[in-house]
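S.K.: In our numbering, the protein residues as written are 386 to 865. Think of the CB as a built atom: it goes at the ideal place given N, C-alpha and C, for glycine as much as any other residue. First the structure, then my questions, so here it is.
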RNA sequence: UCCCCUUUAGCUCAGUUGGUUAGAGCGGCUGACUGUUAAUCAGUAGGUCCUUGGUUCGAGCCCAAGAAGGGGAGCCA
């Protein structure tokens, strides 16, 4: 058909000149009045309006211009006579690249429920909401690498299949190529993993941290950004069985340096989104506000999405210790009036999400970083503090999301680490290499984990983690 | 895994105290109109009322079990 190369819609809208002839390809969002085709190619949330002359165009061709169809148009850029757009394309020729049977295509030019769209995850990216989320997701992936690169960190690919059963971050998915209908057994009657592909029991990783620490002991500042798997039977809007996690690990950082980096990192990412995803965020902001209007007054957000994003960038995160938090919670109204499901009575209790939400959403009304948690409720690798009761752990708590980052200063002292491993009954044989890091040239170091989809929840204002990853994996759900 | 809620047309939802032929908007189809903005107007088709069993003269509605979806909790990122 036309002589010109395809022009992306974002470039037509931002950089084309009136009078220019060009080719646009994309998917029909809606076809109005038998002459106005709204085309979207995903390069921007905005559509280009292509205007056909129905008097001179084949009627049978026009009938195939249906919502969802893929088309190619050649035409001239002209100033629009209508109000909704400044330029449009006056069509000279129109070609259907792919029909979409209007009787069967499930998407209509109207609002669909997120639940319905989850059932058609292969098509939902064709909606404004999901294409915006995909674009913001890309921007955040890029910003993560940009941030760490600018700070001199090195990206490390840690293994996805792990032979260590000691990561201690939850239930794991087994990896095997044994014949599950005929499992080899050893003398004790248990599965004989010597027969398995790796000659030992293996799982999908639940964290790249331990391996990242090895790189940290040579490259000083590293980070991982990879898929992570948890076989927990979690059915919440904040959990996935397969998600992406960012785990920086820094030599010579103490817990305070660690918190400084976490705060700087989050602010960098949100700033990047504000500066680079303005159109998509404006749409998502409006979407959230429309959704909020359906809710009763009490459940509505106090701030809009844009206000929340700016708020995080502009305000210092509140920092306090676990012990200080317990004092605040113990004397809080909901605790005194027994409104908490789990009342805070004494030091040592694990904080429930209702407590974290109280601190973040009611008491401080700001992101909060808690540190120095009781050692008994935290992982074996966290550095033991001088008081003998706490470890140098830190959690960054965000409004609406809860824990977005969890991290710690790592225990770098061989004897302390070894005794902690023994106390907690963790199989030491799997951790020999981890312990050797402390034997040979150990160094103080710290790190944290950021759940990428939790960040996405915050940046997009979406309420369910299944809507910020293209193909969510949750219990009973691995379609697509 | 636990608690609560929901399930009626392709989508979003009404459906009275158990009563005869189950409705609306959007979408689809047919036509009209032709500078529209989720176009508009007219007409029209479209139903396993989630499933199974029960109560009843009679069940979309009541009861029981199950399934699916959502919200909250736990676990965590």
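Buried or exposed for residue 386, going by 16 or more other Cβ atoms inside 10 Å?
M.R.: Position 1 of the first chain, counted from the start, is the residue given in the question as residue 386. In this predicted model, residue 386 has a pLDDT of only 48, less than 50, meaning its place in the structure is not dependable; the value taken from the coordinates is given anyway. With fewer than 16 Cβ atoms within 10 Å of its Cβ, residue 386 is classed as exposed.
S.K.: Can you give the Cα-Cα distance for residue 806 and residue 761, rounded to whole angstroms?
M.R.: Residue 806 sits at position 421 when you count from the first residue of the first chain. Residue 761 sits at position 376 when you count from the first residue of the first chain. Distance between the alpha carbons of residue 806 and residue 761: 12 Å.
S.K.: For my contact list, residue 654 and residue 767 are in at a C-beta cut-off of 8 Å; report their separation, rounded to the angstrom.
M.R.: Locating residue 654 in the first chain gives position 269, where the first residue counts as 1. Locating residue 767 in the first chain gives position 382, where the first residue counts as 1. The Cβ separation is near 25 Å, so there is no contact.
S.K.: Mark residue 824 as exposed unless 16 or more other C-beta atoms lie within 10 angstroms of its C-beta, in which case mark it buried.
M.R.: Locating residue 824 in the first chain gives position 439, counting from the first residue. So residue 824 ends up on the exposed side.
S.K.: Under the DSSP definition of a beta bridge, which residues are partnered with residue 455?
M.R.: Start at 1 with the first residue of the first chain, and residue 455 comes out as number 70. DSSP, once it has assigned bridges, lists 412 and 483 as partnering residue 455.
S.K.: Considering only C-alpha positions, which residue in the set 489, 460, 590 and 659 is nearest to residue 866?
M.R.: Nothing about residue 866 can be reported from this structure: the residues present for the chain run from 386 to 865 only.
S.K.: May I ask you to report which of helix, strand or coil DSSP gives residue 769?
M.R.: Counted from its first residue, the first chain places residue 769 at position 384. If DSSP states are grouped into helix, strand and coil, residue 769 belongs with the strands.
S.K.: For the alpha helix (DSSP H) containing residue 654, name the first residue and the last one.
M.R.: As a first step, residue 654 must be located in the first chain, where it is residue number 269. Where residue 654 is concerned, the enclosing alpha helix (DSSP H) stretches over 640-661.
S.K.: Along the chain, where does the beta strand (DSSP E) containing residue 434 start, and where does it finish?
M.R.: Translated into the one-based positions of the first chain, residue 434 becomes position 49. Run containing residue 434: 433-436, per the beta strand (DSSP E) assignment.
S.K.: One question on the structure: do residue 453 and residue 474 come within less than 8 Å of each other, judged by their Cβ atoms?
M.R.: By 1-based counting over the first chain, the position of residue 453 is 68. By 1-based counting over the first chain, the position of residue 474 is 89. No, they are not a contact pair.
S.K.: Put residue 391 into one of helix, strand or coil per three-state DSSP.
M.R.: Walking along the first chain from the start, residue 391 turns up at place 6. Strand, per DSSP.
S.K.: Rounded to whole angstroms, what is the Cα-Cα separation between residue 712 and residue 685?
M.R.: The count along the first chain starts at 1 and reaches residue 712 at position 327. The count along the first chain starts at 1 and reaches residue 685 at position 300. Cα to Cα, residue 712 sits roughly 29 Å from residue 685.
S.K.: Looking at the unbroken beta strand (DSSP E) that takes in residue 588, where does it start and where does it end?
M.R.: As a first step, residue 588 must be located in the first chain, where it is residue number 203. 587-589 is the span of the beta strand (DSSP E), which, as asked, contains residue 588.
S.K.: Along the chain, where does the alpha helix (DSSP H) that runs through residue 607 open and close?
M.R.: Taking the first residue of the first chain as 1, we reach residue 607 at position 222. Counting along the chain, residue 607 falls outside any alpha helix (DSSP H), though it belongs to the beta strand (DSSP E) covering 606-614.
S.K.: Pop quiz: residue 604 and residue 560 are said to be a contact at Cβ under 8 Å. What is the actual Cβ separation, rounded to whole angstroms?
M.R.: Taking the first chain and counting its residues from 1, one reaches residue 604 at position 219. Taking the first chain and counting its residues from 1, one reaches residue 560 at position 175. That belief does not hold up - the Cβ atoms of residue 604 and residue 560 are roughly 28 Å apart, past 8 Å.
S.K.: Round the Cβ separation of residue 518 and residue 847 to the nearest angstrom and send it over; I've been treating them as touching at under 8 Å.
M.R.: Counting from one through the first chain, the residue named residue 518 turns up at place 133. Counting from one through the first chain, the residue named residue 847 turns up at place 462. The Cβ separation is near 7 Å, so the contact holds.
S.K.: Grouping DSSP H, G and I as helix and E and B as strand, with all else coil, what is residue 674?
M.R.: The residue labelled residue 674 in the question sits at position 289 within the first chain. The answer is helix: DSSP assigns residue 674 an H, G or I state.
S.K.: Let me confirm a value: residue 786 is counted as buried when at least 16 other C-beta atoms fall within 10 Å, else exposed. Which label applies?
M.R.: Within the first chain, the letter at position 401 stands for residue 786. Buried: at least 16 other Cβ atoms inside 10 Å.
S.K.: Between the stretch 638-654 and the stretch 462-478, can you find at least three pairs of beta-carbon atoms closer than 8 Å?
M.R.: Contact between the stretch 462-478 and the stretch 638-654 is absent, because fewer than three Cβ pairs lie under 8 Å.
S.K.: Do residue 794 and residue 645 count as a contact pair if the criterion is CB distance below 8 Å?
M.R.: To locate residue 645, count along the first chain from 1; it is residue 260. To locate residue 794, count along the first chain from 1; it is residue 409. One thing to note: residue 645 has its Cβ no nearer than 8 Å to the Cβ of residue 794.
S.K.: In the DSSP output, which residue or residues are listed as bridge partners for residue 759?
M.R.: In the first chain, the residue the question calls residue 759 occupies position 374. In the DSSP assignment, residue 759 forms a beta bridge with 775.
S.K.: Can you tell which of 583, 801, 680 and 662 has its C-alpha closest to the C-alpha of residue 428?
M.R.: As a position in the first chain, residue 428 is number 43, starting the count at 1. Ranking the options by Cα distance to residue 428, first place goes to 662.
S.K.: Pull up the distance between the alpha-carbon of residue 584 and that of residue 578, whole angstroms please.
M.R.: Residue 584 sits at position 199 when you count from the first residue of the first chain. Residue 578 sits at position 193 when you count from the first residue of the first chain. Roughly 6 Å separates the two Cα atoms.
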